[in-house]
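The opening residue of the sequence shown carries number 304 in my numbering; numbering runs sequentially from there.
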Amino acid sequence: MNIPKSDYPPDVDMQSTSSDGDLLEWYPSQVKGPVDDEVQEADLISTIEFNEDGELLAVGDKGGRIVVFQREQQTKTSPRRNEYNVYITFHSHEPEFDYLKSLEIEEKINQIRWLKRKNAAHFLLSTNDKTVKLWKISEKTKRAEGYNLRDDNGIIRSANSLTDLRIPVIKPMELMVEATPKRVFGNAHTYHINSISLNSDQETFLSADDLRINLWHTEVTDQSFNIVDIKPPNMEDLTEVITGAEFHPRECNLFVYSSSRGIIRLCDMRQSALCDRHCKVFEEPEDPSTRSFFSEIISSISDIKFSHSGRYMLTRDFLNLKVWDLQMDNKPVETYPIHEYLRSKLCVLYENDCIFDKFECGWSPNDDHLLTGSYHNLFKITSRLSRRDAIFESSREQAIRPRQILKSKKVLPSARRNRRDEINPDSLEFTKKILHCAYHPTDDIIAIATAHNLFTYIAKDPSSPLSS
């Protein structure tokens, strides 16, 4: 496999919202969700995703619901367009039961992926553990009236009242947004689906479970092609599982998948129908001096994302963010510790199962900033240019002060109680965590999900005052 170097920049795009290419100044924009901390499990957020231009933001929860927020329209009196308002809410998946295996299938939305917009309607893919669905979201501003066989309320008219022939007319109506299921892609996965990814050709997509990856066409629901199968003949010989998969943003024949051993495999669908033989393997050699009982667990990759340019990959394991260059497979080109202070607490995290949490990550629009979450409702934004980072806390107290800049936090063993910007690792609340985050595709806006609240933040250039 040959990746043309001319297609990719030599390094990250040096144009940044910040004048010096350093960390941005972030301001709270809004918060969505209930104020009360005691909510039902079905209301917990399970995935968030911007569409291609960032005008829509989809949020899925454990109850199988999807809420789509729309960015406010620009007007003369409101030029900033920072807020997102509810556009439509619909139920994507229902709980099911596998009678053959006597297993309940959760309605929880695992992932959402938007298709590129081709007409007035929007399309998105959503998946739970077993079934992928294609949804059409459209607006209706007109309706037909004056039917012959039915009255305006939809009731069938009696034959005696049909005395004349009427021509239906189109009349304007109040805006109505509706979600319609267009395709259901099911019965193809034995194990739980962990990721879906749309191809750059906008016609095919992949769905990955623990041991297999299937390729689908968006117009065909009764057939898929198995392109990766790592299931051994004897399950006792199983050494790793697939944790995520994603198509290359430009090359429709390339995709990657990550594993629980911290390994990334790049595959080319032009080589063979079954991509069990990968083109490249990206793996960092383990340092024997740091090996422990938890080494394999914390090396598992929980999220993988291609950069917008397509040259780099971003992976998140339990303790680190890593940036990989497609031209160099022996080690990551950049490694950013997220919460190294938790290394001494791995035993506690193992006992309360937090060590298995799957944190997501994201790229800024020009690939020079990285985003991911942590515990205590903390999230970290890292500048690739200066290698500096900032830790912020998502809280309603900050969200109600939209014009006040977010203050960076420090997690220190020597943190003082009277310092609000310092947090002691021993006081971290592991039940409060930011697993899901998303970076706007074109602007410096981020969406952060706590357990049941959605926060949005907007960045401003430190060299210019906040616009009013």
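Cβ coordinates follow ideal geometry from the N, Cα and C atoms, glycine included.
Quick caveat, the model's predicted, so the values are computed rather than measured.
Suppose contacts are defined by Cβ-Cβ distances below 7 Å. Is residue i in contact with residue j by that definition?
i	j	result
R568	H581	yes
H743	G363	no
G613	H551	yes
I351	A741	yes
M479	K439	no
C555	N502	yes
D620	S602	yes
F733	Y678	yes
I726	S711	no
A750	L427	no
L518	I530	yes
I600	I545	no
I737	I748	no
A447	I473	yes
R691	L326	yes
I369	F393	yes
K634	E587	yes
Spatial neighbours of residue i within its chain, please: C-beta separation below 8 Å, excluding the five flanking residues on both sides.
i	result
P398	G367, E407, I408, E409 and E410
K735	Y678, H679, N680, T753 and A754
G547	N497, S498, A511, Y560, S561, I604, S605, D606 and I607
K436	S395, H396, L428, S429, T430, P484, R486, V487 and F488
Q333	N385, E386, Y387, A702, P705, F758 and T759
E543	I533, S562, S563, R564 and I566
P312	Residue placement at P312 cannot be trusted, given a pLDDT of 39 that sits under 50; what the coordinates show is reported in the next sentence. The residues are S612 and R614.
A423	S441 and E442
K713	I694, D724, E725 and I726
Please list, in chain order, all residues of the same chain as residue i whose beta carbon is under 7 Å from its beta carbon, the five residues on each side excluded.
i	result
P640	L622 and N623
Q414	T350, T430, S498 and I499
E481	S441 and K443
I459	L452 and R453
Q505	L418 and K419
F609	E549, H551, P552 and M616
Y772	Coverage of the chain is limited to positions 304 through 771, which leaves residue 772 absent and any answer about it impossible.
D314	Confidence at D314 is low in this model, with a pLDDT of 42, below 50, so the placement of that residue should be treated as unreliable; the coordinate-derived value is given next. Excluding sequence neighbours, D314 sits near nothing in its chain.
P475	T444 and K445
C664	D606, K608, L617, R619, L624, L673, L674 and T675
S698	N680
K365	E344, A345, L347, S349 and K411
For residue i, which residues does DSSP report across the bridge?
i	result
C650	Note: C650 sits in no beta bridge, so no partner.
C570	F558
T392	V370
D532	R515
V342	According to DSSP, which records beta bridges pairwise, V342 is partnered with nothing at all.
D628	Y615
T753	T753 is not bridged to any residue.
S510	I499 and N517
E352	A361
E637	V626
F550	F558
A762	W329
D401	L406
F609	M616
R416	L428
Please go through the same chain and pick out, in chain order, the residues whose beta-carbon is closer than 6 Å to the beta-carbon of residue i, but skip the five residues on each side of it.
i	result
G324	In this prediction, G324 scores a pLDDT of 49, lower than 50, which makes its location untrustworthy; no coordinate-derived value is stated.
K534	L514
S595	none
T685	Y639, L673 and D692
T434	G489
E700	none
K583	L569 and D632
H425	I440
What I want to know is whether the C-beta of residue i ends up closer than 6 Å to one or more non-hydrogen atoms of the ligand NAP.
i	result
I567	As presented, the structure is devoid of all ligands, the ligand NAP included, so that no description of it is given.
Q.
Quick check for students: name the residue ranges of the beta strand (DSSP E) that lie wholly in the stretch 456-508, counting only runs of 3 or more.
A. 472-488 and 498-501
Q. Do the stretch 341-353 and the stretch 742-757 touch if we need at least three Cβ pairs shorter than 8 Å?
A. yes
Q) Using 8 Å as the threshold, is the stretch 639-655 in touch with the stretch 695-705, meaning 3 or more CB pairs across them? A) no
Q. Hey, which unbroken runs of the alpha helix (DSSP H) at 4 residues or more fall wholly within the stretch 649-730?
A. 649-654 and 699-702
Q: Any chance you could list the beta strand (DSSP E) runs of at least 3 consecutive residues sitting entirely within the stretch 418-457, in chain order?
A: 425-430 and 435-448
Q) On the three-pair Cβ rule with 8 Å, is the stretch 458-476 touching the stretch 526-534? A) no
Q.
Suppose only complete runs of 3+ residues qualify. What are the beta strand (DSSP E) ranges in the stretch 573-597, listed by chain order?
A. 583-585
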